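Visitor: Submitted below is the structure of interest, expressed as structure tokens.
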Amino acid sequence: MNYIASDLKVVGTRPIRPDGVDKVTGRALFAADTRAAGMLWGKIKRSPHAHARILSIDTSKAMALPGVKAVVTAEDFPDIASEEAFVGEGPMNFRDLALNVMARGKALYEGHAVAAVAATTQAIADQALDLIDVKYEVLPFVIDVEAAMAPDAPILHDDLFTAGVTPVPTKPSNIAKVVTFKKGDAEAGFKDADVIIEGRYTTQPVHQAYIEPHACLATYSPDGQINIHASSQGHFMIRAYTAKLLGLELSDIRVNPAEIGGGFGGKTLIYLEPVAVALSKKAGRSVKMQMTREEVFRGSGPTSGATIEVKLGAKKDGTIVAAKQVLKYQAGAFPGSPIGPGCMCGFAMYDLPNVDVVGYDVVSNRPKVAAYRAPGAPITSFAVESAMDELALKLGIDALTLREKNAAKNGTKTHYGPTHQNIGFTAVLDAVKSHAHWKTPVKEGQGRGLAVGFWFNIGGESTATVHVNEDGSVTAATGSPDIGGSRASIGMMVAEVLGVPAERVRTVVADTASIGFTHLTGGSRVTFATGMAATQAAEKVVDDLKRRAAATWEIPVDAVEWKDGKAYPAGSNAGAFEPLDLAALALKAARTGGPIAAEVAVNAQGAGAGFGAHIADVSVDKETGHVTIERYTAIQDVGKAIHPSYVEGQIQGGAAQGIGWALNEEYIYNAKGQMENAGFLDYRVPVASDVPMIEAVLVEVPNPRHPFGARGVGEVPIVPPMAAIANAIRSATGLRMVDLPMSPPKVRAAIDAAG
Amino acid sequence: MSSLSYAAPTSVDDAVKLLAGASGLAKVLSGGTDLLVQLRSGRLKPDLIVDTKKIPGIIGIREENGGFVIGAATPGAEVEAHAKLKAAWPGVVEALDLIGSTQVQGRCSLAGNLCNASPAADSVPALYAAGAIAVVVGSKGKREVPVEQIPTAPGRTSLAKDEFILEFKLPARPARASDAYLRFIPRTEMDIAVVGCGISVTLNEKGVCTAARVSLGAVAPTVILVQAAADVLIGHTLDADTLAKLDAAAQAAAKPITDKRGTIEYRTKIAGVLARRVAAIAFDRASGKTNGKAH
Chain A
457 MNYIASDLKV
467 VGTRPIRPDG
477 VDKVTGRALF
487 AADTRAAGML
497 WGKIKRSPHA
507 HARILSIDTS
517 KAMALPGVKA
527 VVTAEDFPDI
537 ASEEAFVGEG
547 PMNFRDLALN
557 VMARGKALYE
567 GHAVAAVAAT
577 TQAIADQALD
587 LIDVKYEVLP
597 FVIDVEAAMA
607 PDAPILHDDL
617 FTAGVTPVPT
627 KPSNIAKVVT
637 FKKGDAEAGF
647 KDADVIIEGR
657 YTTQPVHQAY
667 IEPHACLATY
677 SPDGQINIHA
687 SSQGHFMIRA
697 YTAKLLGLEL
707 SDIRVNPAEI
717 GGGFGGKTLI
727 YLEPVAVALS
737 KKAGRSVKMQ
747 MTREEVFRGS
757 GPTSGATIEV
767 KLGAKKDGTI
777 VAAKQVLKYQ
787 AGAFPGSPIG
797 PGCMCGFAMY
807 DLPNVDVVGY
817 DVVSNRPKVA
827 AYRAPGAPIT
837 SFAVESAMDE
847 LALKLGIDAL
857 TLREKNAAKN
867 GTKTHYGPTH
877 QNIGFTAVLD
887 AVKSHAHWKT
897 PVKEGQGRGL
907 AVGFWFNIGG
917 ESTATVHVNE
927 DGSVTAATGS
937 PDIGGSRASI
947 GMMVAEVLGV
957 PAERVRTVVA
967 DTASIGFTHL
977 TGGSRVTFAT
987 GMAATQAAEK
997 VVDDLKRRAA
1007 ATWEIPVDAV
1017 EWKDGKAYPA
1027 GSNAGAFEPL
1037 DLAALALKAA
1047 RTGGPIAAEV
1057 AVNAQGAGAG
1067 FGAHIADVSV
1077 DKETGHVTIE
1087 RYTAIQDVGK
1097 AIHPSYVEGQ
1107 IQGGAAQGIG
1117 WALNEEYIYN
1127 AKGQMENAGF
1137 LDYRVPVASD
1147 VPMIEAVLVE
1157 VPNPRHPFGA
1167 RGVGEVPIVP
1177 PMAAIANAIR
1187 SATGLRMVDL
1197 PMSPPKVRAA
1207 IDAAG
Chain B
5 MSSLSYAAPT
15 SVDDAVKLLA
25 GASGLAKVLS
35 GGTDLLVQLR
45 SGRLKPDLIV
55 DTKKIPGIIG
65 IREENGGFVI
75 GAATPGAEVE
85 AHAKLKAAWP
95 GVVEALDLIG
105 STQVQGRCSL
115 AGNLCNASPA
125 ADSVPALYAA
135 GAIAVVVGSK
145 GKREVPVEQI
155 PTAPGRTSLA
165 KDEFILEFKL
175 PARPARASDA
185 YLRFIPRTEM
195 DIAVVGCGIS
205 VTLNEKGVCT
215 AARVSLGAVA
225 PTVILVQAAA
235 DVLIGHTLDA
245 DTLAKLDAAA
255 QAAAKPITDK
265 RGTIEYRTKI
275 AGVLARRVAA
285 IAFDRASGKT
295 NGKAH
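Which chain is which? The protein sequence lines are A and B, in order.
Each residue of the first sequence is one higher than the last, beginning at 457 in this note's numbering.
Each residue of the second sequence is one higher than the last, beginning at 5 in this note's numbering.
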């Protein structure tokens, strides 16, 4: 059924969030809160070298330390074959993941795991780490993406040959893959252009900076059954990766999802779980592992840093006739940067006749990148949206008008293939034009920037069950970890279908043994896809309830109507019966067919793409280079906001992370290729006082492929901020900042260079 | 495994004896906002911690001979709440107040900030500019030491193994005297100074500076007093020419390093910028005009 045009009572309201009380009172159980009787503490020994051959690992002294119960190295894990995995978000190879979890032969970055211990206390485990003697042959290393592409660069993998080029290379390279997209004839388009803009931009790797470090508790039973407690964006993902890396059956592993303290894409792969299981198997006891913040920085993946070249050609009236991009994305130590989305998202907002995009996926001696909110899109958009601003300036056309003129609409064929359908970009741009922020003149001494952004959003496989309890209250269970309010949105959709208040439905995240397969929480898919499954399960329950009422009244099912949580006779011809509510029907369940429950599994298609536009006003301290965000408005097509407060929170959170990416976040490496700022003191995410009130404006162009019109909302808002702020700095100072972060020293240097 | 002993003596004598008799590394604990972090990170593995907070008088503020005496372990929040001290030494108070979060303010102390001996410590440039005196106790008794003689290098002080600071003395203030402190950080709070600057001035009736002390943080191995910058101020009002000379003197005195928090070039420039801005605030305050604190 489709409820888009319906009169909705629950969807679109703002009930109190179901996870709120537990979280603000400290009761919520995160992965690090779980314990088991007799459990051991597991810790990881990490490489101090950016690139080194592991000559030998002597664990005998560590094993001899009283309290140490197990030590593992790569020798304790199966040496699995190369195999493409579609378990997480973005491309992954099982072998690469295995080598990332525990180095075999070579350490590829500072912080790469080389061994692990399990001991009775954390202090003993720490001491044991120091007793593990690893002999290395230190190798030349490479950190920067373009340096890694140089012909004489140190090679990370002898078996890595560039894919996507002909002829097939015979020499290994750090360039894992070349991706190309072409539409029309870009060279001809540039010849036809009146104005051409060219620029080269760089971005730094940035970490998702979830507040909860990775943690898990694993128990290996002598009968081969394994229990894991962990927080992640997908407990089925943990199960799949752990099973593959350890050579086990999926049914031998049960993963219990803990409350998650932020993921943002960074918890769509695993680091600890196979190690904890291996230690538990060896020690015969439960093993708990939790990373320190320093380990999170040194050992887990940020998103790529990149170099991006952009060229735009336009007619005098602002019509863009050609667009070109060359993107070089750092993948970290193993292939798999989000170069694909990077190549697609930069120009996806525009209707362009001629496009030429080339992307490079490049390995270097840094932690393997992980997904981060709209993976790849913010990087490419920083470059394209900065270039669009330059183009508007050169043409003397207003920044909004230039975007309106070239905006993608329904029916626009993208350069990467698909044709846009049911998109709300025009409505977003209309909302910019009519917003008070855009209409208010820029304050003296400040500058204003506009940037837009795109993200695909995805659907995929989800399972949901809806149970009517014996008293008529309702439980909904799904396999989707709740990282952005999905328990609220799913419960509300179920409540709407059943015709009961939101509070009557409790939504839980069920473990891998208690619900059908569900793809991880990523790609802004859960409210769309799992929501679809839950809606359909609720509809099946309503059908069943109608059948039960019909049986009770002894009338045909089609003579029963379901309204406001009750079964009614459909009209006077159906008979005069008192309506039956959920409680009444639940009470009689045993006599009308047994428990009332339905499970629906879907592979949801038709996730509506999302578009956003951000307006930033900034002031720049010209002596220190410090940028202050004075006003910030984020406008986004959200399809339908199921719980508007959560949607606004997603938009504000994405913008805040984008502000950090824009202004201060970066990895600082020393001459040995070691990270110098592995902590929140010197890896500078924004603090509360750095971020102004972010006004989130919800534009609702319904997605007809979802029962309530929902689109994914969580990723689009991190796409525009970097360019919006860069464009605002340009407006305030006349200076084009092309290198992220636009930190005070860089801004001051640009001011000095301009004289 | 090595063990860590903890003691919380209730007299100066007991504390000194513990320190003097310690085998291995002994550390003095005031608020612990640096020490505990260093313990946790494993950077420091002391054998003995002597907590001074139970020593009478080490927490609290009293007036003496027209000046102030601040107990070495007095928490930042207590200093911030002292209206008279704040009126006389707004620069010292605002500098201490910049350290950490609200929670950290409940513990962080002037002695800890000084003896941690970080060149980037926020309260230290303000103490240097103020001409504060540290009252040091040890086996040989009590001695009074100008604060700028305490830090000797990053993480190192001139204090003997059995010595610690009991209290700080801030001198009496003549008329038309005030101070100010600013630091530059990339964010707006919860950060370590890229550069810090403290200035204390006394003016005559015409607004001409008759006495000045200028200090800079995070531009040398220790916080430094910059006599050349003070000399630029003395005998002058704060006109454009004086400001330009002050900027140049501060930049000339700055000998920073490039590290994760800033480059030589940037820190040097910011030393000049901050010196001008801090002088403007200190002069305004000394001449009775209101001028707010940083951030």
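Glycine included, C-beta positions come from ideal geometry on N, C-alpha and C.
These numbers come from a predicted model, not from an experiment.
1. List the residues of chain A that V277 (chain B) touches, going by C-beta distances under 7 Å, in chain order.
2. Count the other CB atoms, across all protein chains shown, that sit within 10 Å of the CB of M5 (chain B); report buried if there are 16 or more and exposed otherwise.
3. Got a sec: is the Cβ-Cβ distance from R177 (chain B) to anything in chain A below 7 Å?
4. Does chain B have any CB closer than 7 Å to the CB of T1121 (chain A)?
5. Does the beta-carbon of Q1061 (chain A) have 16 or more other beta-carbons within 10 angstroms, so that it is buried, or is it exposed?
6. Can you find a C-beta in chain B that's less than 7 Å from the C-beta of R822 (chain A)?
7. Which residue wins for smallest C-alpha separation from G941 (chain A), given the options A:G1170, A:L735, A:R656 and A:R1204?
8. Would you call the region 777-791 of chain A and the region 639-658 of chain A touching, i.e. three or more CB-CB distances under 8 Å?
9. Can you list the residues of chain A that F188 (chain B) reaches, using a CB-CB cut of under 7 Å?
10. Buried or exposed, going by whether 16 or more other CB atoms sit within 10 Å of the CB of H299 (chain B)?
11. Thinking just about the alpha-carbon of each residue, which of A:V466, A:G1129, A:A574 and A:N458 is nearest to the one in K501 (chain A)?
12. Quick one: using the 10 Å Cβ neighbour count with 16 as the cut-off for buried, is L220 (chain B) buried or exposed?
13. Can you check DSSP and say which residues form a bridge with P1025 (chain A)?
14. Using a Cβ-Cβ cut-off of less than 9 Å, list which residues of the region 190-219 of chain B approach chain A; keep chain order.
15. Considering Y132 (chain B), what are the terminal residues of the alpha helix (DSSP H) in which it resides?
16. Figure out for me which residue from A:K824, A:K499 and A:G802 has the closest Cα to the Cα of G788 (chain A).
17. Do I169 (chain B) and A76 (chain B) have their beta-carbon atoms positioned less than 7 Å apart in this structure?
18. Taking 7 Å as the threshold (C-beta atoms), are V840 (chain A) and F637 (chain A) in contact?
19. For P758 (chain A) and H568 (chain A), I'd like the C-alpha separation in whole angstroms.
20. Between which residues of its own chain and A665 (chain A) is the CB-CB distance below 6 Å, once the five residues before and five after are set aside?
21. Quick one: give me the first and last residue of the beta strand (DSSP E) that G680 (chain A) is part of.
22. Closer than 7 Å by beta-carbon distance: list the chain A residues that pair up with T267 (chain B), in chain order.
23. Please report how far the alpha carbon of D126 (chain B) lies from the alpha carbon of V964 (chain A), in whole angstroms.
24. Could you list which residues in chain B have their beta carbon closer than 8 Å to that of R1140 (chain A), in chain order?
25. Relative to the C-alpha of V527 (chain A), which candidate in A:I1091, A:H691, A:A739 and A:A508 has its C-alpha closest?
26. Where A1074 (chain A) and G1116 (chain A) are concerned, what is the direct C-alpha to C-alpha distance, given to the nearest angstrom?
27. How far does the alpha helix (DSSP H) with E995 (chain A) in it reach, from first residue to last?
28. Alpha carbon to alpha carbon, how far is K293 (chain B) from V236 (chain B)?
29. Going by C-alpha to C-alpha distance, which of A:N683, A:G987 and A:P713 sits closest to A699 (chain A)?
30. From the DSSP secondary-structure annotation, give me the bridge partner or partners of Y1125 (chain A).
31. Can you confirm whether the region 110-130 of chain B touches the region 212-229 of chain B when touching is taken to mean that 3 or more C-beta pairs between the two stretches lie within less than 8 Å?
32. Please report how far the alpha carbon of K297 (chain B) lies from the alpha carbon of A184 (chain B), in whole angstroms.
33. CA-CA distance, I285 (chain B) and P94 (chain B)?
34. Using alpha carbons as the reference points, say which of B:E167, B:D51 and B:L186 lies closest to A11 (chain B).
35. Going by DSSP, which residues form a beta bridge with R271 (chain B)?
36. At a Cβ threshold of 7 Å, is K90 (chain B) touching chain A?
Guide: According to the structure shown:
1. E1079 and T1080
2. Residue confidence is low: M5 (chain B) scores 47 on pLDDT, short of 50, so the model does not pin down where it sits. No coordinate-derived value is stated.
3. no
4. Reading off the sequence, residue 1121 (chain A) comes out as Glu, not Thr. No, E1121 (chain A) does not count as interfacial toward chain B.
5. exposed
6. no
7. A:G1170
8. yes
9. T1080
10. Unreliable positioning characterises H299 (chain B) in this predicted model, as indicated by a pLDDT of 31, which lies under 50. The coordinate reading is nonetheless provided below. Flag for H299 (chain B) reads exposed.
11. If we check each option's Cα against that of K501 (chain A), A:A574 comes out closest.
12. buried
13. Answer is A:V1016, bridged to P1025 (chain A).
14. P190, R191, T192, E193, M194, D195, I196 and V198
15. Residues S127 to A134.
16. A:K824
17. yes
18. no
19. 14 Å
20. V1141
21. From DSSP, G680 (chain A) is part of no beta strand (DSSP E); its letter is neither H nor E.
22. P1201
23. Computed Cα separation, rounded: 48 Å.
24. P190, R191 and D195
25. A:A739
26. Going by the sequence as given, residue 1074 (chain A) is Val instead of Ala. A straight-line Cα-Cα distance of about 14 Å links V1074 (chain A) and G1116 (chain A).
27. That run of the alpha helix (DSSP H) goes G987 to W1009.
28. 22 Å
29. A:N683
30. A:M1131
31. yes
32. Reliability of the predicted coordinates at K297 (chain B) is poor, the pLDDT of 47 falling under 50, and no value is obtained from them.
33. 10 Å
34. B:D51
35. Per DSSP, none; premise fails for R271 (chain B).
36. no
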